[in-house]
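In this text, residue positions in the sequence shown follow the numbering used here: the first is -3, and each later residue adds one.
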Amino acid sequence: MGVVVRGPKPLDVDLKHEEEKILTKWVRGGKIEHRLRFRAQIILLANEEKSNTEIAEILNCARKTVVKWRNRFIKRRLDGLKDLPRAGRPPIYS
């Protein structure tokens, strides 16, 4: 039998009703970027008190990805799920 190493308990996302409605809409909605849908799924699962490891297994992603988006949501709520501005010159479209 293996040894289970547990870190600190993940922070609660403590979703407000309106935030939950918006995230659910993102997950079910049609015209939303895949990355926002994915991040919304992470937060909704975290709200169900799933651990970071459980969420990573359910969504087939790295645990550190779950930790990153959970923490960004806790710090900046819905705005934290959006991409940060990229460095460098913006792309030029012709």
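For each residue, glycine too, the CB sits at the ideal point set by N, CA and C.
All of these numbers come straight from a predicted model, not from anything done at the bench.
State the start and end residues of the unbroken alpha helix (DSSP H) segment that holds residue i.
i	result
ALA36	30 to 43
VAL62	59 to 72
LYS46	No alpha helix (DSSP H) holds LYS46; DSSP gives it neither H nor E.
LEU19	13 to 24
Can you have a look at residue i and say buried or exposed, based on whether 16 or more other CB atoms are within 10 angstroms of its CB?
i	result
ILE88	exposed
LEU7	exposed
ILE51	buried
LEU19	buried
Please say whether residue j and residue i have beta carbons closer to each other than 8 Å?
i	j	result
ASN43	ARG59	no
VAL23	LEU11	no
ARG35	TRP65	yes
LEU94	GLU15	As displayed, the chain neither begins before -3 nor continues past 90, which places residue 94 out of reach and without an answer.
ARG68	LEU77	yes
VAL62	ILE38	yes
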